[in-house]
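Numbers in our numbering are just positions in the sequence shown, counted from 1, shifted up by 5.
Glycine is no exception: its CB is placed at the ideal position from the N, C-alpha and C atoms.
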Amino acid sequence: MRFTLPRDIYYGHGALEELKKLSGKKAAVVIGGGSMKRFGFLDRVLQNLKEADIETCLIEGVEPDPSVETVLRGVKTMQDFQPDWIVAMGGGSPIDAAKAMWVFYEYPETKFEDLLQPFSFPTLRRKAHFLAIPSTSGTATEVTAFSVITDYQKGIKYPLADFNITPDVAIIDPELAETMPPKLTAYTGMDALTHAVEAYVSTLHSPFTDPLALQAIQMVFEYLPSSCKGDKTAREQMHYAQCLAGMAFSNALLGIVHSMAHKTGAAYRNGHVVHGCANAMYLPKVIQYNAKVPEARERYATIARTAGLTGSGEGLVQALCRKIDSYNELLHIPHALKDYENGMVPEDEFQEKLHHVAELAISDACTGTNPRQPSQEDMEKLLTACYYGSPVDF
């Protein structure tokens, strides 16, 4: 067994100042669509690195759900610049993209297909170390061994997994999270809840991951509603909660909520199903499915008690599902995929692609640690229940 975290985690207001103490020569700074520029955080990072006497180059424009092409574009810049630090800041997308860039920068001969087998990466840190600064409170990629990259030509999201891509340093400064709009706050918050719940019931859960997962669950239920209303104290606590959830799932891994979210995210013609929203919609259905396994049912009951619910056994599991549903309602998240973004996923397209999407979800890296292993028939029924919002009784 193994438990891996970043070597250093700096947190609290003003934690960005730690960049002034960084030791190195060159840093490639990877950002997304511009919010870090607009709110002044990029300038602060660049100035702090300048004070550390570190030369910088900027790789910007990483899109949501970063693509293979974006990764390869960033790699070219790194190969020209030769940084000894990669500094990624923003939401999960630029940090995920920078992790993949890191691998190809150090191993130019590697092919993307070589990285699809979980925990098979070459040894990193031959050329550079990695520092992550999250601006959203959900993915926790700043402390995890994961990166999700999308191949748009194939319509597939690839969850890359290897302890080598766990960042060396994470800076958890809640000032960055204060800029999130309410919808993003809701989606990322439910993503964090899903991370913690799936880590707690994963077949690889351990005495090291369980306390982190339960603490994160308690904090999300306590602080997410106020965080979505803009309360700065709640925003800060959510920023820490999602990080705790990340520490848990990076080591315990995840389950089929994420398998399904990965494979439905890029599957449909009219647009992308946002990852955190997909997790929120699917989580109650998967809990009902997994709870047929006695150990999983008991662990869901423990989660329910952590959330302040009372009762026993199956009643606690159902109460937990109702509580998650109530949070979805409060946060304006639909209960069914058919209602997502005013019917963005048409019924005929969903049915047409159901068999293939189910196949892809079963083969997803997250499925192996789910407490109940689904058959093709089960996965199709589960996806159907998520689409229509129907009960899971199989």
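**Prompt:** So does the stretch 179-199 actually touch the stretch 271-291, counting three or more Cβ pairs closer than 8 Å?
**Reply:** yes
**Prompt:** In this structure, does DSSP put lysine 81 in helix, strand or coil?
**Reply:** helix
**Request:** Using the Cα positions of proline 71 and leucine 165, report the straight-line distance between them to the nearest angstrom.
**Result:** A direct Cα-Cα distance of roughly 13 Å separates proline 71 from leucine 165.
**Message:** Going by C-alpha to C-alpha distance, which of Pro212, Leu47, Glu68 and His200 sits closest to tyrosine 157?
**Reply:** Glu68
**Message:** isoleucine 222 and isoleucine 338 - do their beta-carbons sit closer together than 7 Å?
**Reply:** Going by C-beta atoms, isoleucine 338 is not nearer than 7 Å to isoleucine 222.
**Item:** Cut-off 8 Å between Cβ atoms - residues of its own chain near lysine 26, not counting five sequence neighbours on either side
**Value:** Ala57
**Delimiting residues of the beta strand (DSSP E) encompassing serine 152** = 151-156
**Request:** Helix, strand or coil for lysine 55, going by three-state DSSP, please let me know.
**Result:** helix
**Beta-ladder partner(s) of methionine 94, from DSSP** = Ile138
**Prompt:** To which residues of the same chain is valine 206 closer than 6 Å at the C-beta, ignoring the five residues directly before and after it?
**Reply:** Ala301, Arg304 and Pro376
**The alpha helix (DSSP H) enclosing alanine 370, as first and last residue numbers** = Counted as a single uninterrupted DSSP element, the stretch harbouring alanine 370 is not any alpha helix (DSSP H), since DSSP gives it neither H nor E.
**Request:** Could you please give the first and the last residue of the uninterrupted beta strand (DSSP E) stretch that includes proline 396?
**Result:** Run containing proline 396: none; DSSP gives neither H nor E here.
**Asked** glutamine 378 and alanine 363: beta carbons closer than 7 Å?
**Response** no
**Collapsed DSSP secondary structure at tyrosine 273 in the structure displayed** = coil
**Prompt:** Would the beta-carbon of glycine 79 fall within 7 Å of that of methionine 106?
**Reply:** yes
**Message:** Between which residues of its own chain and glutamate 23 is the CB-CB distance below 7 Å, once the five residues before and five after are set aside?
**Reply:** Tyr15 and Ile176
**Request:** Output the distance between the C-alpha atoms of cysteine 62 and phenylalanine 86, rounded to the nearest integer angstrom.
**Result:** 7 Å
**Item:** 7 Å Cβ shell around phenylalanine 226 - same chain, five flanking residues per side excluded
**Value:** Ala312
**Asked** Quick one: is methionine 83 buried, meaning 16 or more other Cβ sit within 10 Å of its Cβ, or exposed?
**Response** buried
**Asked** How close, in whole Å, do the beta carbons of valine 397 and glutamine 247 come, if the pair is a contact with beta carbons under 8 Å?
**Response** Going by Cβ atoms, the distance from valine 397 to glutamine 247 rounds to 27 Å, so no, they are not a contact pair.
**Asked** Which one of Lys159, Gly97, Leu129 and Leu219 has the shortest CA to CA distance from leucine 365?
**Response** Lys159
**Request:** Take glutamate 203 as the anchor and find which of Gly260, Lys81 and Ser331 has the nearest alpha-carbon.
**Result:** Gly260
**Asked** Going by the CB atoms, is the gap between isoleucine 100 and alanine 137 shorter than 7 Å?
**Response** yes
**Request:** Closer than 8 Å by C-beta to threonine 372: which residues in its own chain qualify, once you throw out the five before and the five after it? Chain order, please.
**Result:** Gly260, Ile261, Ser264, Ala366, Gln378 and Pro379
**Asked** Which residue's Cα is closest to the Cα of methionine 224: Phe213, Glu241 and Gly235?
**Response** Glu241
**Message:** Within the continuous beta strand (DSSP E) that includes alanine 221, where are the two ends?
**Reply:** No beta strand (DSSP E) contains alanine 221, which is instead part of the alpha helix (DSSP H) from 215-233.
**Message:** Please report the distance separating the alpha-carbon of histidine 340 from that of asparagine 333.
**Reply:** 7 Å
**Cβ distance (whole Å) where isoleucine 91 is taken to contact valine 35 below 8 Å** = The Cβ separation is near 7 Å, so the contact holds.
**Message:** Alpha carbons only, please: which of Thr146, Lys104, Phe117 and Met349 is nearest the one belonging to glycine 276?
**Reply:** Met349
**Message:** Three Cβ pairs or more, each shorter than 8 Å: is that satisfied between the stretch 267-284 and the stretch 343-357?
**Reply:** yes
**Asked** Going by alpha carbons, who is nearest to leucine 335 out of His210, Asn256, Leu229 and Asp236?
**Response** Checking every option, the nearest Cα to that of leucine 335 belongs to Leu229.
**Message:** Beta-carbon within less than 6 Å of aspartate 178's beta-carbon, same chain only, minus the 5 sequence neighbours each way: which residues are those?
**Reply:** Exclusion of the five residues before and after aspartate 178 leaves Ala20 and Leu21 as the residues of its chain whose Cβ lies within less than 6 Å of its Cβ.
**Request:** Go through the stretch 286-342 residue by residue and report every complete run of the alpha helix (DSSP H) that reaches 4 residues or more, in order.
**Result:** If we require 4 residues or more, the alpha helix (DSSP H) runs fully inside the stretch 286-342 come out as 299-311 and 318-335.
**Where serine 232 falls, given that 16 or more other Cβ within 10 Å makes a residue buried** = Using a 10 angstroms sphere on the CB of serine 232, the tally of other CB atoms reaches 16 or more, which defines it as buried.
**Neighbourhood of arginine 7 by C-beta distance below 8 Å, restricted to the same chain and skipping five residues each side** = Phe168 and Asn256
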